[in-house]
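K.L.:
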Amino acid sequence: MIHQYDAVIVGAGGAGLRAALEIPEGYSCAVLTKVYPTRSHTGTAQGGVCAALGNEEDDSWEYHFFDTVKGSDFLGDQDAIEIMCQDAIRAIIELEHMGMPFSRNEKGLIAQRPFGGHTKPKDPNNPFGERVPVKRACFSADRTGHVMLQTLYENCIKRGVKFFPEFFVTDLIVQDNIARGVVAIEIPTGEIHVFHAKTVMFATGGYGRVYRITSNAVVGTGDGFAISYRRGIPLEDMEFVQFHPTGLWRLGILVSEAARGEGGVLRNKLGERFMERYAPTIKDLAPRDVISRAMYTEIREGRGIEGPDGTHYLLLDLTHLGPEIINKKLPEITGFARIYLGVDPTKEPIPVQPTTHYAMGGIPTNIDAEVVIDDKGTKVEGFYAAGEVACVSVHGANRLGTNSLLDIIVFGRRGGKKMAEYIKEHDFPTLPKDADEWTRKTIERILNSNGKERVSRIRKELQEVMMDKVSVFRTGESIKEAIDKIKELKERYKEVKIDDKGKRFNTDLIEAIELENLLDTAEAIAYSALNRTESRGAHYREDYPKRDDQNWLKHTLIYKNENKEPIIKYKPVVITKIPPMERKY
1 MIHQYDAVIV
11 GAGGAGLRAA
21 LEIPEGYSCA
31 VLTKVYPTRS
41 HTGTAQGGVC
51 AALGNEEDDS
61 WEYHFFDTVK
71 GSDFLGDQDA
81 IEIMCQDAIR
91 AIIELEHMGM
101 PFSRNEKGLI
111 AQRPFGGHTK
121 PKDPNNPFGE
131 RVPVKRACFS
141 ADRTGHVMLQ
151 TLYENCIKRG
161 VKFFPEFFVT
171 DLIVQDNIAR
181 GVVAIEIPTG
191 EIHVFHAKTV
201 MFATGGYGRV
211 YRITSNAVVG
221 TGDGFAISYR
231 RGIPLEDMEF
241 VQFHPTGLWR
251 LGILVSEAAR
261 GEGGVLRNKL
271 GERFMERYAP
281 TIKDLAPRDV
291 ISRAMYTEIR
301 EGRGIEGPDG
311 THYLLLDLTH
321 LGPEIINKKL
331 PEITGFARIY
341 LGVDPTKEPI
351 PVQPTTHYAM
361 GGIPTNIDAE
371 VVIDDKGTKV
381 EGFYAAGEVA
391 CVSVHGANRL
401 GTNSLLDIIV
411 FGRRGGKKMA
421 EYIKEHDFPT
431 LPKDADEWTR
441 KTIERILNSN
451 GKERVSRIRK
461 ELQEVMMDKV
471 SVFRTGESIK
481 EAIDKIKELK
491 ERYKEVKIDD
501 KGKRFNTDLI
511 EAIELENLLD
521 TAEAIAYSAL
531 NRTESRGAHY
541 REDYPKRDDQ
551 NWLKHTLIYK
561 NENKEPIIKY
571 KPVVITKIPP
581 MERKY
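Rendered as structure tokens:
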């Protein structure tokens with residue numbers, strides 16, 4: 001079945017929905033999503049969306065800009081970061097006018113709380129001197145992403161955006177460097193659909209399911225990364241994988257940074273507030289890469305708590321906050337602790353461990369969400385990316401909390417505006433006759449396979465090796481072991497067999513295709529990590545423990561090379577205002 005839309009957006013999270021709102025009346029817009037739109041992963045973001053509103057205390061977008069550049073370990077592109085931080089204030093007010101129900105302070109203004117890495121100068125006359133935490137995160141209790149997603153979805157419905165829920169996109173139609181549409185499987189029927197489009201945006205979210213412990217939903221299988229990678233589009237900075245410090249022990253379910261923003265502290269088995277050792281100024285509100293490494297160090301040095309299964313954890317202590325604050329400002333977090341671990345956070349600390357959380361890297365784009373494929377800024381005409389799947393790059397080597405929701409609304413909007421311009425100026429590109437060939441052959445191969453391999457077994461082995469070898473701490477040797485394992489798993493994947501041979505709701509088939517996406521994404525992460533012989537942000541090489549600006553102040557671009565080693569190139573970091581300096585907290 002062939003459909004024709006001026007704009008096709010893949011993914012119904014915040015970035016995709018915000019982009020859809022920019023498609024003008026008189027032009028058609030389709031949003032395709034693996035799940036029902038309001039189940040998109042944006043809805044799990046808890047703590048807030050940041051903007052220097054100054055509702056709680058003095059703040060400025062320049063302070064926000066400095067924090068984001070520093071938090072990125074100076075790998076973020078400063079032109080993009082400046083745009084994001086300047087536009088944040090307007091974006092928050094716009095969301096409020098759309099109907100987003102923010103929490104309020106005593107004055108009735110949008111409430112703001114501190115978050116890791118967000119600071120202001122202790123002395124305004126010395127902006128590069130000592131800094132202290134600032135209240136910059138605008139929030140809706142601890143359900144900020146949920147209410148943002150609902151608000152954007154409702155506005156899309158009002159605008160007449162056409163939704164295709166439970167459509168699993170398998171391929172990008174691109175020819176002569178022009179995007180021409182996408183191919184998708186309709187999960188309820190098993191039918192293949194071709195969406196012929198003038199413009200395509202990927203807003204498909206992250207790849208957390210590459211790892212064993214993750215805060216990501218089960219749909220976070222790196223689809224947008226892998227599809228682009230297979231079609232000759234590079235992936236940027238894939239070595240930078242963020243591990244959130246506080247996932248529920250063994251489960252990885254997120255315990256938002258909002259808990260520490262409200263005053264929660266991390267403790268080891270001795271009861272020590274150990275972050276004082278690693279970030280003496282801002283302690284438990286240090287950036288996520290700093291805290292995750294500190295937690296692993298505490299466990300390595302014997303100050304972790306051993307569980308009955310032999311795994312270790314640390315404690316997030318909220319007990320001193322009191323039931324009123326915990327139940328009013330952190331209801332979702334505390335509910336998860338009670339339900340999944342049987343812990344009452346008002347009376348006892350929560351067992352936590354670092355959990356795979358966010359992809360700093362992704363599909364390379366410019367500041368208008370247009371996909372680019374090299375260091376010269378060459379565009380794939382009509383192709384856009386925004387949100388976690390994209391790399392603009394505002395997060396560099398490490399994302400600050402609450403900058404993700406900001407990223408999706410700022411660059412989702414900018415991408416949507418560029419799509420609107422493009423569809424007004426261009427006709428539909430020619431659709432290749434064999435547009436669905438890859439999808440059709442892939443389905444036939446999997447359904448007709450008599451191999452002995454199982455999807456679940458290969459997926460588990462991939463997640464284990466990535467968690468053990470390409471995690472918070474890495475070495476060249478460990479990464480090479482992961483690469484060898486990925487190669488083995490990719491060969492074994494060719495022999496994958498599934499039991500369900502039907503068409504309707506064949507989740508076995510979907511999971512088999514998702515597994516190929518996970519393998520390709522893992523390959524890009526591991527090879528990029530092996531090549532970068534330094535430590536920067538979330539990429540910590542124990543064999544190269546220092547940051548190396550002379551050789552590595554540059555972005556990785558990795559290109560797929562069928563049946564051979566991937567090709568890796570580089571492009572410069574955009575530095576406009578702040579030169580690299582030592583990163584201390």
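Per full-length UniProt numbering, numbering of the sequence shown is gapless, rising by one per residue and ending at 585. We put the beta carbon where it would ideally sit given N, CA and C, even for glycine.
When the Cα atoms are used, what is the spatial distance from Lys135 to Pro114?
P.N.:
Roughly 4 Å separates the two Cα atoms.
K.L.:
If we count Cβ pairs, one from each stretch, closer than 8 Å, do we get three or more for the region 203–219 versus the region 321–337?
P.N.:
At 8 Å Cβ cutoff, the stretches do not touch.
K.L.:
Gln242: buried (16+ other C-beta within 10 angstroms of its C-beta) or exposed?
P.N.:
That one is buried.
K.L.:
From Thr119 to Ala137, what distance separates their C-alpha atoms?
P.N.:
Those two C-alpha atoms are separated by around 11 Å.
K.L.:
What runs of the alpha helix (DSSP H), each 4 residues or longer, lie entirely inside the region 11–52?
P.N.:
Runs found: 14–20.
K.L.:
For Pro127, count the other beta carbons within 10 Å of its own beta carbon; 16 or more makes it buried, fewer makes it exposed. Which is it?
P.N.:
With fewer than 16 Cβ atoms within 10 Å of its Cβ, Pro127 is classed as exposed.
K.L.:
Compute the Euclidean distance between the alpha carbons of Glu461 and Glu495, then round it to the nearest angstrom.
P.N.:
Cα-Cα distance, rounded: 15 Å.
K.L.:
Assuming Ala30 and Phe164 form a contact by the criterion Cβ under 8 Å, report the distance between their Cβ atoms to the nearest whole angstrom.
P.N.:
Indeed they touch by this definition, with Cβ atoms about 6 Å apart.
K.L.:
Count the CB pairs spanning the region 557–577 and the region 539–547 that are closer than 8 Å, and state whether there are at least three.
P.N.:
Flag = no, the region 557–577 and the region 539–547 do not touch.
K.L.:
Are Ala258 and Cys156 closer than 8 Å when you measure CB to CB?
P.N.:
Result no, Cβ atoms of Ala258 and Cys156 do not sit closer than 8 Å.
K.L.:
I'd like the span of the beta strand (DSSP E) that includes Pro566, first residue to last.
P.N.:
Per DSSP, Pro566 belongs to no beta strand (DSSP E) and is neither H nor E.
K.L.:
Taking C-alpha atoms, which residue in Thr68, Arg39, Ser28 and Asn105 lies nearest to Gly54?
P.N.:
For the residues Thr68, Arg39, Ser28 and Asn105, the minimum Cα distance to Gly54 belongs to Asn105.
K.L.:
Is the distance from the Cβ of Thr144 to the Cβ of Leu405 below 8 Å?
P.N.:
Taking 8 Å as the Cβ cut-off, Thr144 and Leu405 qualify as a contacting pair.
K.L.:
By the 10 Å Cβ neighbour count, where 16 or more other Cβ atoms means buried, how is His357 classified, buried or exposed?
P.N.:
His357 is buried by the Cβ-count criterion.
K.L.:
Just the C-alpha distance for Ala529 and Tyr211, rounded to the nearest angstrom, thanks.
P.N.:
For Ala529 and Tyr211, the distance between alpha carbons rounds to 15 Å.
K.L.:
Based on DSSP bridge pairs, tell me the residues matched to Val8.
P.N.:
Beta-bridge pairing links Val8 to Ala30 and Val200.
K.L.:
DSSP state of Arg414, grouped into three classes?
P.N.:
In the structure shown, Arg414 sits in a helix (DSSP, three-state: H, G or I).
K.L.:
Once DSSP output is grouped into helix, strand and coil, what is the label at Met323?
P.N.:
Checking the sequence shown, residue 323 turns out to be Pro, not Met. Note: Pro323 maps to helix in three-state DSSP.
K.L.:
Starting from Leu149, follow the alpha helix (DSSP H) in both directions and report where the run begins and ends.
P.N.:
Thr144 to Arg159 is the extent of the alpha helix (DSSP H) around Leu149.
K.L.:
Contact between the region 230–246 and the region 335–347 is defined here as three or more beta-carbon pairs at a separation below 8 Å; is this criterion met?
P.N.:
Contact fails: fewer than three Cβ-Cβ distances are below 8 Å.
K.L.:
Let me check you understand the geometry: is the CB of Tyr358 closer than 7 Å to at least one non-hydrogen atom of the ligand MG?
P.N.:
In terms of ligand content, the structure shown is empty, and the ligand MG therefore cannot be addressed.
K.L.:
For Tyr63, which of helix, strand or coil comes out of DSSP?
P.N.:
Three-state DSSP puts Tyr63 in a helix.
K.L.:
For Ile575, which residues from the same chain have a beta carbon less than 6 Å from its beta carbon, with the 5 sequence-adjacent residues on both sides left out?
P.N.:
Same-chain partners within the cutoff: Gln78.
K.L.:
According to the Cβ coordinates, are Asn398 and Asp73 closer than 8 Å?
P.N.:
The answer is yes: Cβ separation under 8 Å.
K.L.:
Can you tell me which of Met84, Arg159 and Ile333 puts its alpha carbon nearest to the alpha carbon of Thr44?
P.N.:
Of the listed residues, the one whose Cα sits closest to Thr44 is Ile333.
K.L.:
Mapping the DSSP letters down to three states, classify Tyr544 as helix, strand or coil.
P.N.:
Of the three classes helix, strand and coil, the one that applies to Tyr544 here is strand, per DSSP.
K.L.:
Leaving out five residues before and five after Glu565 in sequence, what residues of the same chain have Cβ atoms less than 8 Å from its Cβ?
P.N.:
If we look at Glu565 and ignore the five residues flanking it on each side, its Cβ neighbours are Tyr527.
K.L.:
Less than 6 Å between C-beta atoms, sequence neighbours within five positions excluded: which residues of the same chain meet that for Val169?
P.N.:
If we look at Val169 and ignore the five residues flanking it on each side, its Cβ neighbours are Val10, Leu32, Val182 and Ala184.
K.L.:
When DSSP labels each residue in this structure, what does Glu257 get in the three-state scheme?
P.N.:
Correct three-state label for Glu257: coil.
K.L.:
Just to confirm, is the Cβ distance from Val371 to Ala385 under 8 Å?
P.N.:
In this structure, Ala385 lies closer than 8 Å to Val371 by Cβ.
K.L.:
Identify every residue that forms a DSSP beta bridge with Phe195.
P.N.:
His3 and Val182, per the DSSP bridge assignment.
K.L.:
Relative to the alpha-carbon of Tyr570, which residue among Ala141, Asn531, Asn563 and Lys546 has its alpha-carbon at the smallest distance?
P.N.:
If we check each option's Cα against that of Tyr570, Asn531 comes out closest.
K.L.:
Run through DSSP, which three-state label would Ile558 get?
P.N.:
If DSSP states are grouped into helix, strand and coil, Ile558 belongs with the strands.
K.L.:
When you compare the CB positions of Gly116 and Gly401, do they come within less than 8 Å of one another, or not?
P.N.:
Yes, the pair counts as a contact, with Cβ atoms nearer than the cut-off.
K.L.:
Please give me, in chain order, every unbroken run of the beta strand (DSSP E) with length at least 3 that falls completely inside the region 238–305.
P.N.:
Counting only runs of 3 or more, we get 241–248 and 265–267.
K.L.:
Which first and last residues belong to the beta strand (DSSP E) in which Lys120 is found?
P.N.:
That run of the beta strand (DSSP E) goes Gln112 to Pro121.
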